[in-house]
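A.B. asks: The structure under discussion is supplied below as structure tokens; questions concerning it will follow.
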Amino acid sequence: MRELRGKMRLIGTLIVCLFIGLGAWYGMTVYSQGSIWASNPYNQRSSGSTAHMGDISDRDGNLLAHTAADGTREYMPNENVRRALSQTVGDQMGMSGTGVENYYSSTLLNISGSLVDRLRSAFSGAERVGGSIQLTIDAELTSYIASAFPDGKKGAVCVINYRTGEVLSWVSMPNYDPVDLLDGRADDNVEDTAYLNRCLQGLYTPGSTFKIVTLAAALEADPNALNQRFTCSGSWDYEGGKIVCAGGAVHGELDLRTALAESCNVTFGKLAYQLGAERLRATAERFGLNENLKFGDFMIYNSAFPVSARNVGGLVWAGVGQGEVLVTPMHMAMIAGSVANGGMMMKPVLVKRIENSLGIATHTGAPSLYRQVTSASVADVITQSMYQAVRSGTASKAAIPGYTVCGKTGSAETSDDKSVATNAWFAGFVADPEHPYAVAVVVERGGAGGTVAAPIAQKALKKAIEVIG
255 MRELRGKMRL IGTLIVCLFI GLGAWYGMTV YSQGSIWASN PYNQRSSGST AHMGDISDRD
315 GNLLAHTAAD GTREYMPNEN VRRALSQTVG DQMGMSGTGV ENYYSSTLLN ISGSLVDRLR
375 SAFSGAERVG GSIQLTIDAE LTSYIASAFP DGKKGAVCVI NYRTGEVLSW VSMPNYDPVD
435 LLDGRADDNV EDTAYLNRCL QGLYTPGSTF KIVTLAAALE ADPNALNQRF TCSGSWDYEG
495 GKIVCAGGAV HGELDLRTAL AESCNVTFGK LAYQLGAERL RATAERFGLN ENLKFGDFMI
555 YNSAFPVSAR NVGGLVWAGV GQGEVLVTPM HMAMIAGSVA NGGMMMKPVL VKRIENSLGI
615 ATHTGAPSLY RQVTSASVAD VITQSMYQAV RSGTASKAAI PGYTVCGKTG SAETSDDKSV
675 ATNAWFAGFV ADPEHPYAVA VVVERGGAGG TVAAPIAQKA LKKAIEVIG
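Read in order, the letters of the sequence shown correspond to residues 255 to 723 in the working numbering.
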């Protein structure tokens, strides 16, 4: 009998432990997933009077998303604007993981961070009024850039204020209409990649835009590097391979400034070889490659520079932004912006202001230095070289009359046998403290950066000057 009672106590203890474990698991699940459940359209407790999701507006106060009196979530009436901002604003189903409606759902639904309050919110039918979020994004600028993007092409455009870090525009193509998801069903006609924010999640070979980083490494290693002369005969044989200039161009004798402006692969391949993998990697990592780029408002997929000293070919091609080097468009905009800002890379900011349901500000976005990626003197030389590229080099189609535009084009190979058109790139900025705007453009399989990406960048920068000042 005593043995039986002992077994019963053991079984009882196990049952109690099981219930405690289930309770703890449920509590932690509510804590970690509560905001997602609350924002899901299948959650009936989010409908009607139980949850009033807060407003999302752009930098000028234009409503991008709000909740109507009947509890229906509404987006901008203009479909073109809705689509242009789809991956930024998001949708009720959370199809775009980078969307503000998903990333900031707990703020928009006023779900407290405490476990007790989250459990109460999960079971209570009491009305919740969410906070409102004002973004740094400009809706007019974003819609304009989306309309300027080549029809049927995929890619991205990022525009930032390089002095404050404010994100002024994210355009990711293709896009989608969040209104089509209001009934809780995914639109079967939408391409899967439309939910991807290519600005943050698209990892691309940067092509010649990466020569900005290679030039920085050379100038840091040798302040007199500008005086070094290189000879380009159109190709260069290195240990185990050959590097060639685009279109069979022969640039002859040139210095580094001209080499950047004319996008000479031979010169930058030789430069990478001279620098070595360790030096080039160290500079690339200061610019943010091989790093976890997670910020308060969003996360950028990690750019990569996996080149080793043992792989000479990989090193040479990395110097011209080919091979295994990968960068997101947002990161490339930050790199260009850091050059414009005297070598100072600012932390990117998407949220300008958050207010609670009483209209009291609980957060205000403020400029913050991420890192000094290179010296002001090196940044100045790169700026001059990028200006030369726009004035008389491959980036001439980015020029804006009356403004000093600096830029670098890129035509990134996407196949070993060149059977697929190159990705067209441009990274640059307006060198003006009154108009401190940087831009990165990538058009997948678009062809030459100078003829495809540069004109888009020109339109984006010109419109930013017009609508933001």
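Each residue gets a CB set at the ideal place from its N, CA and C atoms; glycine is no exception.
Please read these numbers as outputs of a predicted model, since none were measured by experiment.
Could you name the residues of the same chain whose beta carbon sits closer than 6 Å to that of A694, not counting the 5 residues immediately before and after it, in chain order?
C.D. replies: The residue you call residue 694 lines up with position 440 of the sequence shown. Same-chain partners within the cutoff: C412, P583, M586, A587, A681.
A.B. asks: Thinking C-beta only, is S665 closer than 8 Å to A714?
C.D. replies: Along the sequence shown, one-based indexing puts residue 714 at 460. Along the sequence shown, one-based indexing puts residue 665 at 411. Not in contact: A714 and S665 (Cβ atoms no closer than 8 Å).
A.B. asks: When the Cα atoms are used, what is the spatial distance from R747 to W490?
C.D. replies: Coverage of the chain is limited to positions 255 through 723, which leaves residue 747 absent and any answer about it impossible.
A.B. asks: Between S611 and the rest of its own chain, which residues show a CB-CB distance below 7 Å, the 5 nearest in sequence each way excluded?
C.D. replies: Taking the first residue of the sequence shown as 1, we reach residue 611 at position 357. Around S611: N364, V383, G384, G385.
A.B. asks: Threshold first: 3 residues or longer. Then list the beta strand (DSSP E) segments lying entirely within the region 572-613, N to C.
C.D. replies: Qualifying beta strand (DSSP E) stretches, in chain order: 598-600, 605-609.
A.B. asks: Measuring only the C-alpha atoms, how far is A536 from V467?
C.D. replies: Reading the sequence shown from its first residue, position 282 is the one you call residue 536. Reading the sequence shown from its first residue, position 213 is the one you call residue 467. Approximately 10 Å, taken between the alpha carbons.
A.B. asks: Give the secondary structure of V674 by DSSP, where H, G and I count as helix, E and B as strand, and everything else as coil.
C.D. replies: For the purposes of this step, residue 674 is taken as the residue at position 420 of the sequence shown. In the structure shown, V674 sits in coil (DSSP, three-state: anything other than H, G, I, E or B).
A.B. asks: To which residues of the same chain is P690 closer than 6 Å at the C-beta, ignoring the five residues directly before and after it?
C.D. replies: By 1-based counting over the sequence shown, the position of residue 690 is 436. Only N415, Y416, R417 meet the Cβ criterion.
A.B. asks: Out of A590, V421, I608, state which residue places its alpha-carbon closest to the alpha-carbon of Q638.
C.D. replies: Taking the first residue of the sequence shown as 1, we reach residue 638 at position 384. Checked all of A590, V421, I608; the closest Cα to Q638 is A590.
A.B. asks: Just to confirm, are K651 and G704 a CB contact at a threshold of 8 Å?
C.D. replies: Locating residue 651 in the sequence shown gives position 397, where the first residue counts as 1. Locating residue 704 in the sequence shown gives position 450, where the first residue counts as 1. Cβ distance < 8 Å, so K651 and G704 count as in contact.
A.B. asks: On the DSSP bridge list, what partners appear for G664?
C.D. replies: Your numbering for residue 664 matches position 410 in the sequence shown. Bridge partners of G664: W679.
A.B. asks: Tell me the DSSP secondary structure of A323 in three-state form.
C.D. replies: Start at 1 with the first residue of the sequence shown, and residue 323 comes out as number 69. If DSSP states are grouped into helix, strand and coil, A323 belongs with coil.
A.B. asks: Just to confirm the assignment: which complete alpha helix (DSSP H) runs, minimum length 4, are found wholly within the region 508-567?
C.D. replies: You should have 510-516, 519-529, 531-540.
A.B. asks: Three-state secondary structure (DSSP) at Q388?
C.D. replies: Here residue 388 refers to the residue found at position 134 of the sequence shown. DSSP places Q388 in strand when its eight states are reduced to three.
A.B. asks: So, under 8 Å CB-CB, L318 and A393 are touching, yes? Tell me the CB distance rounded to an integer number of Å.
C.D. replies: Taking the first residue of the sequence shown as position 1, residue 318 is located at position 64. Taking the first residue of the sequence shown as position 1, residue 393 is located at position 139. Between A393 and L318 the Cβ distance is about 6 Å, and since that is below 8 Å, they are a contact.
A.B. asks: Within 10 angstroms of the Cβ of S426, are there 16 or more other Cβ atoms? Answer buried if so, exposed if not.
C.D. replies: Within the sequence shown, numbered from 1, the residue matching residue 426 stands at position 172. Flag for S426 reads buried.
A.B. asks: If contacts are defined as beta-carbon pairs under 8 Å, then G461 and G575 qualify, I think. What distance do you get, rounded to the angstrom?
C.D. replies: In the sequence shown, residue 461 corresponds to position 207, counting from 1. In the sequence shown, residue 575 corresponds to position 321, counting from 1. Yes, G461 and G575 are in contact; Cβ-Cβ is about 5 Å, under 8 Å.
A.B. asks: Distance check for R313 and M330, CA to CA, integer angstroms please.
C.D. replies: What you label residue 330 is simply residue 76 of the sequence shown in a count that begins at 1. What you label residue 313 is simply residue 59 of the sequence shown in a count that begins at 1. Their backbone Cα atoms lie some 15 Å apart in a straight line.
A.B. asks: Answer with yes or no whether the minimum CB distance from Y329 to chain D is below 8 Å.
C.D. replies: This model lacks chain D altogether, as it is built from one protein chain only.
A.B. asks: Kindly indicate the opening and closing residues of the alpha helix (DSSP H) around N334.
C.D. replies: The residue labelled residue 334 in the question sits at position 80 within the sequence shown. That run of the alpha helix (DSSP H) goes 333-338.
A.B. asks: Just tell me which of Y398, M347, H320 has its CA closest to the CA of P712.
C.D. replies: Along the sequence shown, read from residue 1 onward, the residue named residue 712 stands at position 458. Note that residue 712 is Gln in the sequence shown here, rather than Pro. Of the candidates Y398, M347, H320, the one whose C-alpha sits nearest the C-alpha of Q712 is Y398.
A.B. asks: Would you call the region 506-524 and the region 463-478 touching, i.e. three or more CB-CB distances under 8 Å?
C.D. replies: Because the criterion of three Cβ pairs below 8 Å is met, the region 506-524 and the region 463-478 touch.
A.B. asks: Grab the span of the alpha helix (DSSP H) containing K716 for me, first residue to last.
C.D. replies: Your numbering for residue 716 matches position 462 in the sequence shown. Per DSSP, K716 belongs to the alpha helix (DSSP H) from 708-722.
A.B. asks: Between N565 and G723, what straight-line distance do the alpha-carbon atoms span, to the nearest angstrom?
C.D. replies: Locating residue 565 in the sequence shown gives position 311, counting from the first residue. Locating residue 723 in the sequence shown gives position 469, counting from the first residue. In a straight line, the C-alpha of N565 is about 47 Å away from that of G723.
A.B. asks: Tell me whether the region 591-611 and the region 480-490 touch, counting them as touching only if at least three CB pairs, one residue from each stretch, are closer than 8 Å.
C.D. replies: Output reads no: the region 480-490 does not touch the region 591-611.
A.B. asks: Run through DSSP, which three-state label would S622 get?
C.D. replies: Taking the first residue of the sequence shown as 1, we reach residue 622 at position 368. Coil, per DSSP.
A.B. asks: Less than 7 Å between C-beta atoms, sequence neighbours within five positions excluded: which residues of the same chain meet that for A563?
C.D. replies: In the sequence shown, the residue the question calls residue 563 occupies position 309. Contacts found: G530, A531, E532.
A.B. asks: When DSSP labels each residue in this structure, what does Y449 get in the three-state scheme?
C.D. replies: For the purposes of this step, residue 449 is identified with residue 195 of the sequence shown, where counting begins at 1. The answer is helix: DSSP assigns Y449 an H, G or I state.
A.B. asks: Relative to the alpha-carbon of I654, which residue among D686, A503, D671 has its alpha-carbon at the smallest distance?
C.D. replies: Here residue 654 corresponds to residue number 400 of the sequence shown, with the count starting at 1. Measuring from the Cα of I654, the nearest candidate turns out to be D686.
A.B. asks: Kindly indicate which residue of V335, H306, I387 has the alpha-carbon position closest to the one of T616.
C.D. replies: Counting from 1 along the sequence shown, the entry for residue 616 is found at position 362. That would be I387, whose Cα lies nearest to the Cα of T616.
A.B. asks: Rounded to whole angstroms, what's the CA-CA distance from S629 to L543? Just pull it up for me.
C.D. replies: Walking along the sequence shown from the start, residue 629 turns up at place 375. Walking along the sequence shown from the start, residue 543 turns up at place 289. S629 and L543: Cα-Cα distance of roughly 18 Å.
A.B. asks: In whole angstroms, what is the alpha-carbon distance linking T326 and G351?
C.D. replies: Along the sequence shown, read from residue 1 onward, the residue named residue 326 stands at position 72. Along the sequence shown, read from residue 1 onward, the residue named residue 351 stands at position 97. Between T326 and G351, the C-alpha separation is close to 21 Å.
A.B. asks: Nearest CA to the CA of K524: which residue from N334, G573, D509?
C.D. replies: Numbered from 1 along the sequence shown, position 270 holds the residue referred to as residue 524. The shortest C-alpha separation from K524 is found at G573.
A.B. asks: Who are the Cβ neighbours of T283 in its own chain at under 8 Å, not counting the five residues just before and after it?
C.D. replies: Within the sequence shown, residue 283 is the residue found at index 29, counting from 1. Any reading at T283 needs caution, since the residue's pLDDT is 48, under 50, leaving its predicted position unreliable; the model's value is listed next. Excluding sequence neighbours, T283 sits near nothing in its chain.
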